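Trainee: Counting with the numbering used here, you get residues 8 to 160 for the letters of the sequence shown. Beta carbons are placed, not taken as given, at the ideal position from N, Cα and C, and that holds for glycine. The structure displayed is predicted, hence computed values, not measured ones. Please find one structure pasted underneath; my questions will follow.
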Amino acid sequence: MVNISHETDQEVRGRLRRVLAEATFKELPGRWAYHEHPAGGLPQPSTDALALVRDEEGWSVLEPARGDEAEVFGVFAFHFPAAADNSGFVGWLAGELKSRLGTGVAVLCGYNSAQGGIYDYWLVPAQLTDEAVAHVRRLAAGTGEAGTGEDDR
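Rendered as structure tokens:
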């Protein structure tokens, strides 16, 4: 459930840093890429596929990279506690990573009621994965800069 609240920027940062610290965070091994399939029947993704997304022209399957892709990603994931108010999390952390690493991200969401509900897969350029993961860990520990450059916890 999305929570609606009115907070100052500092309150939002503090809440989202607490949410980050409470979330289950996992880096997925390997490198990942989108593989395209024509529209029509449902493609048969690998058993390791993370996502199957469709537009009017075809399917995109996010699965382990094969080595010939133009864009390759590192992936990490968050599962949030059921009661966590994580509204605004994607925008906040995406801004943090853009500011720190100079890159945008892609975020795919799913739902797992056994693990609190909404979960996110975050994609970053493969060459920045280690830096992105390290920055997320610093933010979760309360030692990374956030927004104003101060420890907001």
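Runs of 4 residues minimum, wholly inside the region 92–117: which ones carry the alpha helix (DSSP H) assignment?
Mentor: Segments of the alpha helix (DSSP H) lying fully in the region 92–117: 96–108.
Trainee: Among G95, E64, T110, F96, which one has its Cα closest to the Cα of G81?
Mentor: Taking the first residue of the sequence shown as position 1, residue 81 is located at position 74. Of the candidates G95, E64, T110, F96, the one whose C-alpha sits nearest the C-alpha of G81 is T110.
Trainee: Assign A28 to one of three DSSP states: helix, strand, or coil.
Mentor: Numbered from 1 along the sequence shown, position 21 holds the residue referred to as residue 28. If DSSP states are grouped into helix, strand and coil, A28 belongs with the helices.
Trainee: Just to confirm the assignment: which complete beta strand (DSSP E) runs, minimum length 3, are found wholly within the region 29–89?
Mentor: Fully enclosed beta strand (DSSP E) runs of 3 or longer: 31–45, 58–62, 65–71, 80–86.
Trainee: For A58, which residues of its own chain have a beta-carbon under 6 Å away from its beta-carbon, when the five flanking residues on both sides are left out?
Mentor: Position 51 of the sequence shown, counting from 1, holds the residue named residue 58. Cβ neighbours of A58 beyond the five flanking positions: L69, L115.
Trainee: Compute the beta-carbon to beta-carbon distance between P36 and D55, rounded to the nearest angstrom, for a pair I have assumed lies under 8 Å.
Mentor: Translated into the one-based positions of the sequence shown, residue 36 becomes position 29. Translated into the one-based positions of the sequence shown, residue 55 becomes position 48. Actually they do not touch by this definition, with Cβ atoms about 10 Å apart.
Trainee: Here's the rule I'm using: 16 or more other beta-carbon atoms within 10 Å means buried, otherwise exposed. How should G123 be labelled?
Mentor: What you label residue 123 is simply residue 116 of the sequence shown in a count that begins at 1. With 16 or more Cβ atoms within 10 Å of its Cβ, G123 is classed as buried.
Trainee: Could you check if Y41 is buried or exposed, using at least 16 other CB atoms within 10 Å of its CB as the buried criterion?
Mentor: Counted from its first residue, the sequence shown places residue 41 at position 34. The residue in question, Y41, is buried, as its Cβ has 16 or more Cβ neighbours within 10 Å.
Trainee: With DSSP run on the structure shown, which of helix, strand or coil describes G124?
Mentor: On the sequence shown, position 117 is the one that residue 124 refers to. Residue state, collapsed to three classes: strand.
Trainee: Quick one: using the 10 Å Cβ neighbour count with 16 as the cut-off for buried, is D127 buried or exposed?
Mentor: To locate residue 127, count along the sequence shown from 1; it is residue 120. D127 should be labelled buried.
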